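Position one of the sequence shown corresponds to residue 183 (my numbering), numbered consecutively onward.
From the three backbone atoms N, C-alpha and C, an ideal C-beta is built for every residue, glycine too.
Just so you know, these numbers come straight off a predicted model, no measurement behind them.
Accompanying notes for the structure given below.
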Amino acid sequence: MNEPLTVTLWGVRGSIPAPGEQTVRYGGNTPCVSVEWGDERCLVLDAGTGIRALGGRLLGESAEIHVILSHSHWDHIQGFPFFAPIYDRDRVVRMYPSPVDKGTLCSLIEQMDGAHFPIRAEELMGINECILTDPIDHMAQNGIRLSQIALNHPGGACGYRVDDSGRRIVYMSDNELSPPSEPTTQWDQFVAFCLGADVLIHDAQYLPEDMPRKHGWGHSVVDQVLRLAAEAEVKRLVLFHHDPERTDDQLDAIEAQAQDWCRENAPATECCVGAEGMTFTL
């Protein structure tokens, strides 16, 4: 039998951390998702503030750690200096620069320059490797079958798909499915990339009433994400990258409406609003 593949949400909020009484149930940490193959490998997708809690749980374990970014906007890198394994002298953490980074070696490490964070990269005790070769090839050599797709986001971003023994996980944060200008990636390409996914974690920061004011800001409207999941015959859709102003009660309402839509239009697709600590085992 295949070893269990576990997906865990550690940070689900977009743009900026949003702690407070109104965000307790879904969480206020910025994006971080882990995919784990038992005690062997841990793939970390984005390093927002949610990565701090993941780091605490990984201490004392032996799994290989691979951290890859969708892009280098602050909310996707700002938790990395608080990721405990990078201070463990016996732990290897492999970092992959964002494919859309220009002129930077690795934003995860470069933010630790003494000015933006008091501890400099050269002071870290862990065995931290910045992989500058093709991340897809390097991951394959380490037992992770990863594919990537360009997303529609200002400055660029990448989505990722993990395929493992018939199981498929897709992560697409910071993606505008219907941007006002010519898209980097077309709708049909996204459908093909997500086709048959067991879990699709997709940016759903906005509602129709947020438009047209936020059209072009690089994030999707919930209705569009539901249609994508339906056309791609996704088994489970996780709405992700919540607006920092969105309260728990508002997210409850979004979830209820989304589930109603799926029951009527895509009964084979389960839908939920992502919350910190949520885990899926495949």
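Residue i: which of the options sits nearest, CA to CA?
{"i": "ASP257", "options": "GLU304, LEU328, ALA200", "result": "ALA200"}
{"i": "ARG195", "options": "GLY325, VAL206, PRO362, LEU187", "result": "VAL206"}
{"i": "HIS423", "options": "GLU358, GLU391, ARG239, PRO263", "result": "GLU358"}
{"i": "TYR208", "options": "ALA411, PHE262, LEU328, GLU427", "result": "GLU427"}
{"i": "ALA229", "options": "GLU246, ILE250, GLY456, GLU305", "result": "ILE250"}
{"i": "ILE313", "options": "SER347, PRO300, MET277", "result": "MET277"}
{"i": "SER402", "options": "PRO361, ARG349, ARG418", "result": "PRO361"}
{"i": "LEU389", "options": "ASP405, ASP370, GLY242, ARG239", "result": "ASP405"}
{"i": "ARG273", "options": "HIS320, ALA438, CYS224", "result": "CYS224"}
{"i": "ARG350", "options": "ALA245, VAL217, LEU421, GLN204", "result": "VAL217"}
{"i": "LEU382", "options": "ASP392, THR366, PRO365, ALA411", "result": "ALA411"}
{"i": "GLN368", "options": "ILE331, VAL352, MET294, VAL344", "result": "ILE331"}
{"i": "LEU328", "options": "PRO336, GLY337, GLY341, ALA235", "result": "GLY341"}
{"i": "GLN204", "options": "TRP192, LEU433, ALA448", "result": "LEU433"}
{"i": "ILE318", "options": "ARG343, GLU292, GLY348", "result": "ARG343"}
{"i": "ALA450", "options": "ASP431, ASP425, ARG409, ALA339", "result": "ARG409"}
{"i": "HIS397", "options": "ILE291, ILE198, SER363, HIS320", "result": "SER363"}
{"i": "ILE233", "options": "ALA448, GLY261, PRO267, ASP270", "result": "GLY261"}
{"i": "TRP150", "options": "THR188, MET460, LEU240", "result": "In the structure displayed, the chain extends from 183 to 464; residue 150 sits before or after that span and is not available."}
{"i": "ALA235", "options": "HIS255, PHE264, GLY242", "result": "PHE264"}
{"i": "PRO186", "options": "CYS453, SER347, ALA386, LEU377", "result": "SER347"}
{"i": "PRO336", "options": "ASP345, THR463, ASP356", "result": "ASP356"}
{"i": "ASP270", "options": "LYS417, GLU243, ILE326", "result": "GLU243"}
{"i": "ALA266", "options": "PRO394, ILE291, CYS454, ARG239", "result": "ARG239"}
{"i": "ALA339", "options": "GLU305, ASP283, ALA322, GLU458", "result": "ASP283"}
{"i": "GLU222", "options": "GLY325, GLY237, VAL215, GLU305", "result": "GLY325"}
{"i": "PHE462", "options": "HIS320, VAL352, ILE436", "result": "VAL352"}
{"i": "ALA435", "options": "CYS454, ARG418, ASP380", "result": "CYS454"}
Tell me whether residue i is buried or exposed, calling it buried when 16 or more other Cβ atoms sit within 10 Å of its Cβ.
{"i": "THR212", "result": "buried"}
{"i": "HIS478", "result": "Outside the shown range of the chain, which is 183 to 464, sits residue 478, and nothing can be said about it."}
{"i": "ALA374", "result": "exposed"}
{"i": "GLY370", "result": "This sequence places Asp at residue 370; Gly is not what is there. The residue in question, ASP370, is exposed, as its Cβ has fewer than 16 Cβ neighbours within 10 Å."}
{"i": "MET307", "result": "exposed"}
{"i": "ASN310", "result": "buried"}
{"i": "PRO300", "result": "exposed"}
{"i": "ARG176", "result": "The shown model of the chain, from 183 to 464, leaves out residue 176, and the question about it has no answer."}
{"i": "HIS384", "result": "buried"}
{"i": "ASN447", "result": "exposed"}
{"i": "ILE198", "result": "exposed"}
{"i": "ASP425", "result": "buried"}
{"i": "GLN293", "result": "buried"}
{"i": "HIS536", "result": "Residue 536 cannot be examined here, being either before or after the span of the chain that is shown, 183 to 464."}
According to DSSP, simplified to helix, strand and coil, what is residue i?
{"i": "SER289", "result": "helix"}
{"i": "LEU419", "result": "strand"}
{"i": "HIS255", "result": "coil"}
{"i": "GLY193", "result": "strand"}
{"i": "ARG349", "result": "strand"}
{"i": "THR429", "result": "coil"}
{"i": "PHE299", "result": "coil"}
{"i": "THR205", "result": "helix"}
{"i": "LEU225", "result": "strand"}
{"i": "ASN334", "result": "coil"}
{"i": "ILE198", "result": "coil"}
{"i": "ASP270", "result": "coil"}
{"i": "VAL373", "result": "helix"}
{"i": "GLN260", "result": "coil"}
{"i": "GLU437", "result": "helix"}
In the DSSP assignment, what are the bridge partners of residue i?
{"i": "LEU187", "result": "TRP219"}
{"i": "GLU404", "result": "Checking the sequence, you will find Val at residue 404 rather than Glu. According to DSSP, VAL404 bridges with nothing at all."}
{"i": "GLN368", "result": "GLN368 pairs with nothing; no bridge assigned."}
{"i": "SER329", "result": "ARG343"}
{"i": "ILE318", "result": "According to DSSP, ILE318 bridges with nothing at all."}
{"i": "ARG276", "result": "HIS248, GLU311"}
{"i": "GLU452", "result": "ARG418"}
{"i": "TYR388", "result": "VAL403"}
{"i": "ILE383", "result": "TYR353, VAL420"}
{"i": "THR461", "result": "THR190"}
{"i": "CYS214", "result": "GLY193"}
Beta-carbon of residue i versus every beta-carbon of chain C: anything under 8 angstroms?
{"i": "GLN293", "result": "Among the protein chains of the structure shown there is no chain C, as only one such chain exists."}
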